[in-house]
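Just add 6 to wherever you are in the sequence shown, counting from 1, and you've got the working numbering. For reference, the structure is listed below as structure tokens.
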Amino acid sequence: MRTKMIAGNWKMHHRPQEARAFVEELGRVLWARNELYGPLKEGVAEAVLFPTALSLAAVQDALGDLPVSLGAQNAHWEDHGAFTGEIGAPMLADFGCAYILIGHSERRHLFHETEVELARKLRAVLSTSARCLFCVGELLEEREAGKTHQVLERQLLGALEGVTIPDLTDRFAVAYEPVWAIGTGKTASDGDAEEGCGYIRHLVADRYGQETAQHLQVLYGGSVKPGNTAGLMVQGDIDGLLVGGASLEVPSFVGILEAAL
Ligand code: PEP
């Protein structure tokens with residue numbers, strides 16, 4: 007049984023005060039609703055919030071002992087050094103980040119992070135106590151050219167070179183995020199999302215064996231909302247969701263938790 011995961015990527019939204027208010031409101035809902043609190047507390051499901059680096063402290067403080075994990079949106083591949091504006095993975099892990107997001111399509115396409123850099127970042131995260139949530143996904147033109155599988159294989163297996171099986175099953179999760187579905191309101195159909203997630207599991211099975219693939223957590227991301235959550239979550243290869251826009255407000259984030267858990 008794989009743990010379900012609902013992750014909220016806040017991108018460059020929510021200043022510390024807004025982040026604190028979000029978590030306090032989320033806490034009031036979770037404490038009052040055992041059908042949501044129970045699965046999170048028992049570890050059947052996991053909720054993770056990825057605020058900006060500036061709001062990590064406010065979120066951590068407001069979370070207290072709420073069963074919600076803290077995540078960072080990015081990390082540098084070096085632990086420390088002359089890299090103005092960057093943060094090393096060990097710094098984030100020491101701070102209390104349980105997850106670090108690597109390879110989000112905005113990092114790949116707006117900030118031109120290369121696959122070599124992303125593989126280095128993945129290794130940097132795996133050298134800490136944090137887990138890596140690694141994003142992969144094709145552009146619309148790649149999909150239209152029939153290259154989706156090729157892109158997923160290159161982005162995922164390229165980055166996994168040298169990663170051990172225990173790290174893959176215990177310290178790594180992958181999010182299939184077709185770029186054309188992110189922030190566009192165009193969710194992939196349940197079938198397309200399942201096909202992409204299933205192909206990722208197939209790639210891992212081929213290289214690392216069925217048992218490893220069956221332990222791997224695979225999430226879908228791209229215009230997830232409360233209304234399309236249930237259809238995605240019943241798919242056999244989708245273990246969770248990475249949510250951008252709909253994670254910014256408590257009612258929609260809770261709506262997704264309700265439909266997913
Ligand atoms: C994301 O940021 O990873 C994402 C999937 O965004 P949205 O849910 O807004 O499409």
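Even glycine gets a Cβ: it sits at the ideal position worked out from N, Cα and C.
Bounds of the alpha helix (DSSP H) holding residue 171 are 171 to 176. Contact between residue 139 and residue 13 holds: their C-beta atoms lie close to 6 Å from each other, under 8 Å.
Per the C-alpha coordinates, the member of 22, 15, 69 positioned closest to residue 36 is 69. Placement of the Cβ of residue 246 at a distance of 7 Å or more from every heavy atom of the ligand PEP is found. Residue 233 and residue 242 have their C-alpha atoms some 19 Å from each other.
Residue 188 has its CB nearer than 7 Å to a heavy atom of the ligand PEP. Residues 9 of the same chain have their beta carbon placed closer than 7 Å to that of residue 49, with the five preceding and five following residues left out of the count.
Residue pairing by DSSP places residue 77 opposite 105 in a beta bridge. Looking from the CA of residue 24, the closest CA among 64, 192, 52, 200 belongs to 64. For the ligand PEP, a non-hydrogen atom lies closer than 7 Å to the CB of residue 250.
Residue pairing of residue 15 in beta bridges, as defined by DSSP: 56.
A distance below 8 Å between beta-carbons, with the five flanking residues on each side excluded, links residue 74 to the following residues of its chain, in chain order: 29, 32, 36, 46, 53, 54, 55.
If you look at residue 247, you'll find it in the beta strand (DSSP E) that goes 246 to 249.
The beta strand (DSSP E) runs lying completely inside the segment 132 to 169 and spanning 3 residues or more are 137 to 142, given in chain order.
Of the residues assessed, residue 219 falls on the buried side of the cut-off, its CB having 16 or more other CB atoms within 10 angstroms. Here residue 115 has 145, 185 as same chain residues with Cβ atoms under 8 Å from its own Cβ, once five neighbours each way along the sequence are excluded. Rounded to whole angstroms, residue 156 and residue 100 show a C-alpha spacing of 36 Å.
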